[in-house]
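This report refers to the structure that appears directly beneath it.
Residue numbers (our numbering): 3 to 146.
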């Protein structure tokens with residue numbers, strides 16, 4: 003915060019926390035309510051299912067800048083990775099991603115990619131990756 007309540011930088015951490023929380027809410031009444039949802043990558047001995055939410059890019063929206071000092075909007079790109087080691091992992095990853103896709107769409111994000119990934123760690127871990135693009139003013143998400 004600057005003088006007179008002017009906000010110079012929009013918090014990327016708040017945007018990331020908001021996404022993690024909304025995805026947790028979206029899965030809370032599903033069979034995947036026990037999934038771990040985090041902005042940290044899974045550890046070597048991670049518990050599954052694991053959903054990794056990563057803010058990969060957040061430049062200021064160039065067409066909304068009116069001064070060098072104040073950010074009005076930032077363009078966000080989130081990558082969400084869903085991991086599971088269940089026997090029917092392909093279906094579980096896809097089902098969890100469906101909840102996430104619906105959640106992100108409700109927040110005005112556009113899906114940029116949604117891809118099953120090759121299995122990892124001796125073919126025991128399934129993974130699905132999606133990228134989402136949106137705009138954030140520090141309070142509200144907008145479609146871009």
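Beta carbons are placed, not taken as given, at the ideal position from N, Cα and C, and that holds for glycine. These figures come from a predicted structure and were not determined experimentally.
In the DSSP assignment, residue 136 falls outside any alpha helix (DSSP H) and lies within the beta strand (DSSP E) extending over 127 to 138. From the listed residues 134, 40 and 125, the smallest Cα separation to residue 89 is found for 125. Within the same chain, 53, 95, 98, 99 and 130 come within 6 Å of residue 84 by CB-CB distance, once the 5 residues on both sides are set aside. The beta carbon of residue 143 sits closer than 6 Å to those of 109, 110 and 136, all from its chain and outside the five residues before and after it, given in chain order. DSSP, read as helix, strand or coil, puts residue 102 in helix. In the DSSP assignment, residue 19 falls within the alpha helix (DSSP H) that extends over 14 to 29. For the set 28, 128, 41 and 50, the Cα lying nearest the Cα of residue 82 is the one of 41.
For residue 85, the uninterrupted beta strand (DSSP E) segment begins and ends at 76 to 86. Distance from the Cα of residue 114 is smallest, within the candidate group 17, 132, 37 and 120, for 132.
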